[in-house]
Structures are given as C-alpha cells and as structure tokens.
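*Asks:*
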Amino acid sequence: MLELDSHKILKDFDDPATASIVSGNQSIEDNFPNSYQDIRGWINLSPKSPIKTHRVSIIGVNLDGYDIHKDDWPEKEDPFTQVDLLNNEEDQVQELIFRIRKSRSIPYHESLANRLLALFKDAKEEDPDSLGIAAGSLRNFYNFLHLHTNLKRPAISLTPDYNIYASWRGEQNRVFSVHFLPNGDVRFVIFKPNDRHPGRQIRLSGIATSDILMETVAPDSVSDWISE
Amino acid sequence: MKGEKIPVQNHIARFCRPMQVHDGQIQATAFMLRADEESLSVNWLEFLNCSSRKCEITKIRTIYSETFNVGARAKIAVLNVGEVCEKVLTESPDGRNLEVLHDPLVNDQSHSEIYNLKQDDELIAELILETVREAHSARI
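Each protein sequence line maps, in turn, to chains A and B. Take the first sequence: its position 154, counted from the start at 1, is 242 in my numbering, and no numbers get skipped. Take the second sequence: its position 32, counted from the start at 1, is 151 in my numbering, and no numbers get skipped.
#1: Just to make sure I have the definition right: I need the residues of chain A whose C-beta is within less than 7 Å of the C-beta of G190(B). Which are they?
#2: Less than 9 Å between the C-beta atoms of W256(A) and I314(A), yes or no?
#3: Using a Cβ-Cβ cut-off of less than 7 Å, list which residues of the stretch 240-263 of chain A approach chain B; keep chain order.
#4: With 7 Å as the C-beta to C-beta threshold (strictly closer), list the residues of the stretch 240-252 of chain B near chain A in chain order.
#5: Quick one: which chain A residues come within Cβ less than 7 Å of H86(B)?
#6: Using beta-carbon positions only, say whether V207(B) and I145(B) come within less than 9 Å of one another.
#7: Does the beta carbon of H267(A) sit closer than 9 Å to a beta carbon anywhere in chain B?
#8: Would you call F187(B) buried or exposed, if buried means 16 or more other Cβ atoms sit within 10 Å of its Cβ?
#9: Looking at the C-beta of I131(A), does it have a partner C-beta in chain B at a distance below 9 Å?
#10: Rounded to the nearest angstrom, what separates N251(A) and A222(A) at their Cα positions?
#11: To the nearest angstrom, how far is it from the Cα of D312(A) to the Cα of E175(B)?
#12: Using a beta-carbon distance below 9 Å, is T148(B) in contact with chain A?
#13: In the DSSP assignment, what are the bridge partners of R180(B)?
#14: May I ask you to report which of helix, strand or coil DSSP gives A223(A)?
#15: For P286(A), count the other beta carbons within 10 Å of its own beta carbon; 16 or more makes it buried, fewer makes it exposed. Which is it?
#16: For a cutoff of 9 Å on Cβ pairs, would you count L233(A) as touching chain B?
#17: I'd like the list of long-range same chain contacts for S137(A), defined as Cβ closer than 6 Å, with 5 residues on each side in sequence excluded.
#18: Whose C-alpha, out of R180(B), F150(B), P137(B), is nearest the C-alpha of I243(B)?
#19: Does the Cβ of T209(B) have 16 or more other Cβ atoms within 10 Å, making it buried, or fewer, making it exposed?
#20: Would E157(B) count as contacting chain A if we go by Cβ distances under 9 Å?
#21: Have a look at the DSSP bridge pairing and note the partners of D273(A).
#22: For the pair the stretch 208-222 of chain A and the stretch 296-308 of chain A, tell me if three or more CB-CB distances fall below 8 Å.
#23: Please report the straight-line C-alpha distance between I182(B) and I259(B), rounded to a whole angstrom.
#24: Measure how close the beta-carbons of A191(B) and R133(B) come, nearest whole angstrom, since I'm counting them as under 8 Å.
#25: Are the CB atoms of M202(B) and R252(B) nearer to each other than 9 Å?
#26: Kindly identify the DSSP beta-bridge partner or partners of E157(B).
#27: Please report the straight-line C-alpha distance between W163(B) and R153(B), rounded to a whole angstrom.
#28: To the nearest angstrom, how far is the alpha carbon of I185(A) from that of L205(A)?
#29: Quick check on the DSSP output: the alpha helix (DSSP H) that includes A244(B) runs from which residue to which?
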C-alpha cells in the first residue's frame, strides 16, 4: 500500500499546462527519449520535427522528501514542470500516456496505456483535426490514478469533447462513473442499491476536484467495491 | 415530418463512436452532448419502413457510411423511445422530460433528435445507457 503525502501532489488544478507526478514511497521511472518515436509509430502519425528529447531518468519521491536522481536534466530544475515546455497538446497526451505505461504503482499500467493509445488512435482516425484526448483531462485522470493505486481497472471512454470518462460497474447494477474535466474537477455518478428497499436504487451525482473525490464519495462505500 | 413526435412504441438508433465503446460494450459517453450541441442525433428505425430489424440496421449502416467515417469498433445502440423517456422521467433527479422528435435531413430522412439534454448530464447518460436494447456493429 502506498503512503501518500498530499503536499507533494502536483498542483495542476489551476494550471492545466503543469505536469504532474504523484508517488509514495516507490520510485517512478520515466524515460522519454525513445518514447515519442515508439508512440508515434504505434499510432501511425507522421513524426513531428524536431522530436523532443526531454530526459528524465529516475524520479523517486518518498515521505521524507523528494529524492530525485537524475543523470540528464536539461534546463529546468523542477522535473515536474518539464511538460510546460510542450506547447502541443498532442505531445502532452503522448507523454502522459508514456508516463502511465511506466508507472509501476498502477497495477494495470501497461493495459491502461494501451487502452489510452487505442482511444487516441480511434479519435484521430475519425477526425485527424481532433484533440484525440484532452491533455488536461488525461492529466487529471493521471493524478487521480496515482492517488489511488488500488482501484480495479475501469472501463475508459472519451466524452464528445475528448475528456476521459472512467466507469466501474459492480453487482446489483452498481455504477461509479467519473468524468475528468481538464481543470482538475470531476463530475461523478453513483448508482447503488437501496438496502432498505430491495429493488429500488439510489442515484447520486456531484462535482468535486479529483484529489478529494474518493473522500467525497466515502459515505457511499464506493471504495469497497471498486478497490482490489 | 420535421418536429413530429416519435411514437413511444417505436425505436431509435444511436451511432456510438469507437471512443465510446470499451471492450465491445457501449459506454454512457455515447449519450452525451458536445459543448456546442443542443440535442442528441438518432435515427428513427420504423421510419425506414423495413420488415425486420436486420433490414433497418443494414439501412442505418449505409446511411452512416455515406455520412461520416465509421470506425471498426463503432456500434449502433437500439433503444425504445417510450422506455428511454420513461426511465429518464422517473429516475432522473429533476424528472427530466425528454422529447424525441423527427428531424429529417436531405441525405438522412430518418434523422431525429433527443431534446432536453444538457452538457453536464452524466447521470442521464447513464440512465439512457441502461435502456439500450440491442447493440450492433456500425460498419457494413
């Protein structure tokens, strides 16, 4: 179980261009240089020139403070703001997907990254001028995943505005769905059985920031059935 | 006829984009509006005057393929008009009264729209999802 320090969570709620990594007492490995090439090849998009070559080798964050090991860190001192350099939203999306692929704290990181790439590819195939995935929404989702590494893998789809929408479904028609908005907010829906009135259902919806979502829905016992 | 209310016993088809389908399952996002949309596009199946659902789906696939790019994983969701309206009316927090009206286009005479949806209607999208009766591939 990861121990998290909320003070170290990257604060991107006001600035959608800020990169974000949250971790506990585990290390995250990111290795950007070849990732762009790999991802571009996977989605069969034309390479852009020049390919960005930010390099982050090993970033470790623990409860005692940042413990950052780097061997090639250009220009900026703060590793978490490297994405600031990316003007192109598409590049940000690809970088975030790559980070998810490398995030060992997320148990299903590989399949999740594959799913996100497939969604990106589907959206681009349908409309090459589309966002593919809204970078701010994906970043919001990424932050949420790092705060809650014990969740079951959700069904993921994109809203018509290319935001991430994650859904968990359980027995007795239980539903917990979360729309990750680009500004750090989430809109959520809960369907759950009404224990006092069998056959009836309780339906709730609300809005919160993604960092306090699970606290917000705690009275509804969502964690009990969406956690591993 | 434009603006005609579709009878409650009739059926509509909604095009579900590949990005709104997960592992072959249609997701609630298929029933959400874009920021610039005021209503949800559907097709009125009985208007096609077919003798079977199979024939209706074949015609709908043709309309789609002539209108836009249909991805390999795209789906067609079939819904009953009365069931959708009743479900949303009785189970949405604000007792939303959806309207399903015929809105024929030059190249798509069965085109219709679901009105009285809003952009932040995730809960209603989830309710509509629960009324999906059939799912078909959208590709010919």
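We put the CB at the ideal spot given by N, CA and C, even for glycine. Source: prediction; values computed, not measured.
*Replies:* The short version:
#1: Result: D210, E213, E214.
#2: A contact, by the Cβ cut-off of 9 Å.
#3: Cβ contacts with chain B come from A243, I244, S245, L246, T247, P248, D249, Y253, S255, V263.
#4: Close to chain A, meaning a Cβ-Cβ distance shorter than 7 Å, are the following residues of the stretch 240-252 of chain B: E241, L242, E245.
#5: The requested residue 86(B) is not part of the displayed model; chain B covers only 120 to 259.
#6: Cβ atoms of V207(B) and I145(B): not closer than 9 Å.
#7: Judged by the 9 Å Cβ criterion, H267(A) is in contact with chain B.
#8: Under this definition F187(B) is an exposed residue.
#9: Low local confidence applies: a pLDDT of 48 at I131(A) is under 50, so the model's placement there is unreliable, with the coordinate-based value given in what follows. In terms of beta-carbon proximity, I131(A) stays away from the interface with chain B, with every pair separated by 9 Å or more.
#10: Our two residues, N251(A) and A222(A), have alpha carbons roughly 5 Å apart in a direct line.
#11: Cα-Cα distance, rounded: 43 Å.
#12: It does; some Cβ of chain A falls within 9 Å.
#13: Within the DSSP bridge table, the entry for R180(B) names no partner.
#14: Three-state DSSP puts A223(A) in a helix.
#15: Classification for P286(A): exposed.
#16: Residue-level contact by beta carbon fails for L233(A) and chain B, as no gap is shorter than 9 Å.
#17: At S137(A), the pLDDT of 36 sits below 50, so the modelled position is not reliable; the number obtained from the coordinates is stated separately. Residues of the same chain with their beta carbon placed closer than 6 Å to that of S137(A) are lacking, with the five preceding and five following residues left out of the count.
#18: Answer by Cα proximity: F150(B).
#19: Taking a 10 Å sphere around the C-beta of T209(B), we find fewer than 16 other C-beta atoms and assign the residue as exposed.
#20: Closer than 9 Å: no.
#21: DSSP, once it has assigned bridges, lists T297(A) as partnering D273(A).
#22: These segments do not touch.
#23: Straight through space, the alpha carbons of I259(B) and I182(B) are spaced by roughly 10 Å.
#24: No, A191(B) and R133(B) are not in contact; Cβ-Cβ is about 18 Å, not under 8 Å.
#25: Per the sequence shown, the amino acid found at residue 202(B) is Glu instead of Met. Between E202(B) and R252(B), the C-beta gap is smaller than 9 Å, which places the two residues in contact.
#26: None, per the DSSP bridge assignment.
#27: About 21 Å.
#28: Roughly 7 Å between the two C-alpha positions.
#29: According to the DSSP assignment, A244(B) belongs to the alpha helix (DSSP H) that extends over 241-248.
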